[in-house]
Amino acid sequence: MPEEEAGPSLEPTLGEWLKAREETEAHLTTAPPPGAAWAQRLADLLATEESWQAQYTELLGRDTPDHRFPQSNR
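To get my numbering, take the position in the sequence shown, counting from 1, and add 274.
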């Protein structure tokens with residue numbers, strides 16, 4: 275069955291995710307421990323990403339009957 279009929283393939287995304295995870299682990303085992311400034315920058319980045327995700331899902335939900343994005347099944 276062609277990919278178009280079966281939907282997108284998860285394999286390329288999963289492969290890249292696993293590769294990035296291995297690279298991060300290798301970096302953390304060889305790099306000095308992160309300091310407070312690094313931890314603060316990471317916290318700020320994650321907060322910004324969470325805010326963007328909330329805004330994006332709100333925009334996607336505007337076209338639904340109750341104007342909300344469906345709840346996750348996870």
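Note that CB positions come from ideal geometry on N, CA and C, so glycine has one too. Owing to the predicted nature of the structure, the values given are computational and were not obtained by experimental measurement.
Quiz prompt | Host alpha helix (DSSP H) of histidine 301 (start-end) | solution = 285-304
Helix, strand or coil at aspartate 340 [DSSP, three-state]: coil
Discussion item. What ranges does the alpha helix (DSSP H) occupy inside the segment 306-336, keeping only unbroken runs of at least 4 residues that lie completely in it?
Written reply: 310-335
| request: Note down the Cα distance separating arginine 315 from threonine 338, rounded to an integer number of angstroms. | output: 36 Å
| Whose C-beta lies closer than 7 Å to the C-beta of proline 306 among residues of the same chain, with five residues either side of it excluded? | The beta carbon of proline 306 is closer than 7 Å to none in its chain, skipping five residues each way along the sequence.
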